[in-house]
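For reference, the structure discussed in these notes is given below.
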Amino acid sequence: MHSANPSSRLFLYPCKSTSTQYPIFNFPKFSSRKFVKSLRTSIDYEQEVSKEELVVPSNVTRRLPIIIKKSGKVSRYFIKGDSLELLCVDEEEDDSTSFCLGLDDGFWKLIRLSSSAAKDFFLPKQVSDNYISYVKWKFLHRVFSSALQVLATQVMFRAIGIGQSRSLASSAAFNWILKDGLGRLSRCIYTASLASAFDTNLKRVRFSTSVLFSLSIGVELMTPVFPQYFLLLASIANIAKQISLSCYLATGSAVHRSFAVADNLGEVSAKAQIQTVCFDNLGLLLAVLLNMLFQNNQRLQASLPFVLYPIFSTFDLLGIYQGLKHINLQTLTKDRLEIILERWIEFRQVPSPAEVSEEEGIDLLGSRGSKRVWPIRIGCLDPKAQIPTLSMMAMQSLCNDDSFFITIELSSKGFRRTPKPGIVICLREGANSVDIITSLLQTCYIRKAFGTNRIKRRDVSLSDLTLQDWSLLTGESKRAARDDIITLNRQLQEHGWIVKNVLLCAEEQVRYTFDKTQL
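Residue numbering for the sequence shown follows our numbering, starting at 1480 and increasing by one per position.
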């Protein structure tokens, strides 16, 4: 018997479906028609549109109702002949869009881009209204605090007798401050470039920076061997330490929150500081005891750090790696949602954060999702990829009511020469967490249907799909996702998942704006 679950109708005997059932599962043989790479998700798409209406002359340029705003730039998708282009435009221009800016327009555009870049560099995207006031007072505090530390460092050099003249003391202080300043600058650049990754790839970033910290210790051990390069080696080591410290501080609150089951985040953080101090003191005691043990043999004592470095570093990284496995994050990311939704489609159950954490692992190279036959990506469509005509025609039929649309891309990223098919979710500006979960659920249903029918790169040509086939599949998967979303959302909350927000990285946060004037 057929399952009563409406979502399961997508996968019941796909190879035996009749022409009156779901023809998406009856693929024709190889044809010369290009593959549909970008189609709308609306159920009410007019399937009876004739092929003649979809054909665009090669000399016609059309604007699509899809606008991308990123880093202060406003871009729009254009169809030029048989290609898709993403061009930067001025949103205040009229329909006769001109791409030639005057000197005044260029100057003010540069000002807008600079201010937008500075805002993105220093401030997070979603904060409360009082955050700006907090940052202003923090600026006052940190500037004068840093100046006092510089003055204190110079006084300390004089106190310990480094040089009797002012120039030598100032030179030593300058070199030391230069080393510390480079570390802070690198820390600032690192945290700005990976701000969202601290939320979406916490374990991977935490472990990779821990490896970097261990390597910095090794660089510091080389300073006695190459004393003429002391400042260079010390600066490199301090840069690595500052990067590791920034990651530790940025991810600490999320780690502590995962253990605070009674909203006692302050207590968990305080206990963590106590543990850190006590454990660090034990490590300090161990180092002192080892030095005292070999104090009569100066040669052996000098080589002791080089002998113990690989051993202690191995234990250090082993402890960090195993500890990260026991962190069960309750926040939702794209990768965790994929694991949850695949389990939901297969067993109609939502896994717990512990189960997802075990399956998720650390994924140090970040290659877990890319190894899949049909990887899912959230972002905007890459115009540099091969975009068939039917895909561009389907993008024109995007509805104003859609919060997202789903496309298929052929990407050749990395060292891969042969394009690999993947699914792209393009989110609209204002899409909430329910929209994101729904879009991912629908995409997982589509991927499940592809896997059921064995639509793989080596099995079936991607040109076998037609516009009507894809429209039927997206319509069925959309209805299945809408039928499941209420029950799924309830089970997510029951298992302790935080469904208020879905954490996305910088590339996944790019949204499109629908231009109603193009209707």
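Glycine residues also receive a C-beta, built at the ideal position from the N, C-alpha and C atoms.
- Shown here, G1731 sits in a helix according to DSSP, grouped into three states.
- When DSSP reads this structure, K1548 sits in a beta bridge with V1553.
- In the DSSP annotation of this structure, C1859 is not part of any alpha helix (DSSP H), being labelled neither H nor E.
- Setting aside the 5 residues that flank it on each side, A1833 is surrounded in the same chain by N1807, each with a C-beta closer than 7 Å to its C-beta; the list follows chain order.
- One alpha carbon belongs to T1702, the other to A1713, and they sit about 7 Å apart.
- DSSP places S1890 in the uninterrupted beta strand (DSSP E) bounded by F1883 to S1890.
- For V1690, the CB contacts under 7 Å within the same chain, skipping 5 residues up- and downstream, are L1796 in chain order.
- Bridge pairing for S1562: K1559 [DSSP].
- An exposed status is given to P1706, since fewer than 16 other beta-carbon atoms sit within 10 Å of its beta-carbon.
- In this structure the segment 1951-1963 does not lie against the segment 1778-1792, because fewer than three pairs of beta carbons, one per stretch, are closer than 8 Å.
- Counting of Cβ neighbours within 10 angstroms places V1767 among the exposed residues, the total staying below 16.
- Fully enclosed beta strand (DSSP E) runs of no fewer than 3 residues occupy 1810-1812 of the segment 1797-1838, in order along the chain.
- The beta carbon of D1861 is closer than 7 Å to those of E1888 in its chain, skipping five residues each way along the sequence.
- Here R1926 is buried. Its C-beta has 16 or more other C-beta atoms within 10 Å.
- Residue burial annotation: Q1774 is exposed, with fewer than 16 other C-beta atoms found within 10 angstroms of its C-beta.
- By the Cβ rule, the segment 1719-1728 counts as touching the segment 1680-1697, because three or more pairs are nearer than 8 Å.
- Here the segment 1723-1734 does not lie against the segment 1753-1769, with fewer than 3 beta-carbon pairs under 8 Å apart.
- Taking G1930 as the centre and dropping the five residues before and after it, the same chain places the C-beta of V1852 and W1853 closer than 8 Å to its C-beta, in chain order.
- When only Cα atoms are considered, V1734 and E1746 end up about 13 Å apart.
- At the C-beta level, F1883 and A1910 come within 8 Å of one another.
- With distances taken between CA atoms, T1810 lies nearest to V1981 out of S1612, V1981, S1912 and F1709.
- For P1900, the three-state secondary structure derived from DSSP is strand.
- N1879 counts as exposed, since fewer than 16 other beta carbons sit within 10 angstroms of its beta carbon.
- Distance from the CA atom of E1699 to the CA atom of D1659, rounded to whole angstroms, is 14 Å.
- Contact annotation: G1901 and E1987 have beta-carbon atoms that are not nearer than 8 Å.
- Excluding the 5 residues flanking it on each side, Y1669 has same chain C-beta neighbours closer than 7 Å at I1722 and S1725, in chain order.
- Annotation for F1677: no beta strand (DSSP E) segment contains it, though the alpha helix (DSSP H) segment containing it runs A1676 to T1679.
- Beta bridge pairing from DSSP links L1982 with T1812.
- Contact check for S1912 and K1979: beta-carbon distance about 6 Å, within the 8 Å limit, so the pair qualifies.
- Residue nearest to L1971 within the set G1697, V1835, C1667 and Y1556 is V1835 (criterion: CA-CA distance).
- Beta-bridge annotation (DSSP): F1738 is not paired with any residue.
- Secondary structure note for Y1924: its alpha helix (DSSP H) is the uninterrupted segment S1912 to T1931.
- Ranked by Cα distance from Q1828, the first of V1553, Y1924 and H1974 is H1974.
- Classified as exposed, C1757 has fewer than 16 neighbouring CB atoms from the shown chains inside 10 Å of its CB.
- Straight through space, the alpha carbons of L1877 and L1566 are spaced by roughly 19 Å.
- Around the beta carbon of R1778, fewer than 16 other beta carbons sit within 10 angstroms, so the residue counts as exposed.
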